[in-house]
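Numbered by our numbering, the letters in the sequence shown go through residues 46 to 291 in order. Accompanying notes for the structure given below.
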Amino acid sequence: MELIHRNLLIGIHDALQETFFGERKYADKVIERLLKAHRKWGSEDRKVVSEIFYNIIRWKKRLEYYMGENVKPDNIYKLIISYCLWSKTHYKKFEEFDGVKVADVLVKLKKNKVPSKAFEHSIPDWLVETFERELGASWEKEMTALNELAPTVLRANTLKTSAKELISDLKDENVIAFPIKNYPDAVQLEEKKNVFLTTAFKDGLFEVQDAGSQRIGEFLDVKEGQRVVDVCAGAGGKTLHLASLM
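As structure tokens, this is what we get:
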């Protein structure tokens, strides 16, 4: 991956600034607004911005160790360059990086070790203790999986289409997807794409919803004519799924 365009760097910086220090700003909403504000960015540019943005959030604690300080409003560029050095992301020496001291970062990276499991997996100390207590010897395997980049999974809106038909419609828009075994309405993208710009999304043919969440609606076994109250709805993905099942 390469970070070679200054406008992408500034976009990542501003999105991180808003996420970490804005008032109640959720990362997915921040990146969604950023990408909508820069519609001329190509698919590769969007991929670079999204992956670096989310990876920095995911590995914030570990990156703070390399930086030697906590993230503050005035050191976001140091955070970004620390990520680039650690992840071996090629980057240009933008003027925003002038004055950013990375000698200590390079020394720590050369040692190739971190002081604790909390820094290694980029999670709070209390969470390490909780995982060890509740999951035993398998906790690191679980944590490693949690830190991996999740695939994009869609749920076909069965009121309008099927998983098979959705895969065909997406292919017509150069979005390659495939079915997931034992998940009848789920399709997984072969690679990350901004599916919100597709005609299929605008026509209401799918929702973005991970495969595990799609199981919830099935487990509830709702029937037509029932009344269901979703008292813990967030964005409403599972609520919409329940509605389609009823």
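Ideal Cβ placement from N, Cα and C applies to all residues, glycine included. All values reported here derive from a predicted model rather than from experimental measurement.
(message) Could you compute how far the alpha carbon of Asn115 sits from the alpha carbon of Glu218?
(response) 43 Å
(request) Give the DSSP-derived three-state secondary structure of Arg200 in the structure shown. (result) strand
(message) Run through the DSSP bridge pairs and tell me what Val253 is partnered with.
(response) Leu199
(message) Among the candidates Glu269, Phe251 and Phe139, whose CA atom is the shortest distance from the CA of Ile212?
(response) Phe251
(request) Would you list, in sequence order, the uninterrupted alpha helix (DSSP H) runs of no fewer than 4 residues that lie entirely inside the stretch 153-192? (result) 162-166, 170-180 and 184-191
(message) Buried or exposed, going by whether 16 or more other CB atoms sit within 10 Å of the CB of Gln259?
(response) buried
(message) Just to confirm the assignment, what range does the beta strand (DSSP E) spanning Ser233 have?
(response) Looking at the sequence shown, residue 233 is not Ser but Gln. Unbroken beta strand (DSSP E) run through Gln233: Tyr228 to Leu234.
(message) Can you list, in chain order, the residues of its chain with a C-beta nearer than 7 Å to that of Tyr111? Leave out the 5 residues immediately preceding and following it.
(response) Ser127, Trp131, Val150, Lys153 and Leu154
(message) Pull the bridge partners of Phe223 from the DSSP assignment, please.
(response) Gln233
(request) In the DSSP assignment, find the alpha helix (DSSP H) that holds Thr284 and state where it starts and stops. (result) Gly282 to Leu290
(message) Does Leu215 come out as helix, strand or coil in the three-state DSSP assignment?
(response) helix
(message) I'd like the span of the alpha helix (DSSP H) that includes Gln62, first residue to last.
(response) Arg51 to Phe66
(request) Kindly list the residues whose CB is nearer than 8 Å to the CB of Glu141, restricted to its own chain and excluding five residues on each side of it in sequence; keep chain order. (result) Arg51, Leu54, Ile55, His58 and Tyr122
(message) Using 8 Å as the cut-off, can you tell me whether the stretch 181-199 makes contact with the stretch 218-232, which would need three or more C-beta pairs spanning the two stretches below that distance?
(response) yes
(request) Grab the span of the alpha helix (DSSP H) containing Met112 for me, first residue to last. (result) Lys105 to Met112
(message) Below 8 Å on the Cβ atoms is my contact criterion, and I expect His135 with Glu236 to pass it. Report the Cβ-Cβ distance as a whole number of Å.
(response) So it is not a contact: roughly 20 Å between Cβ atoms.
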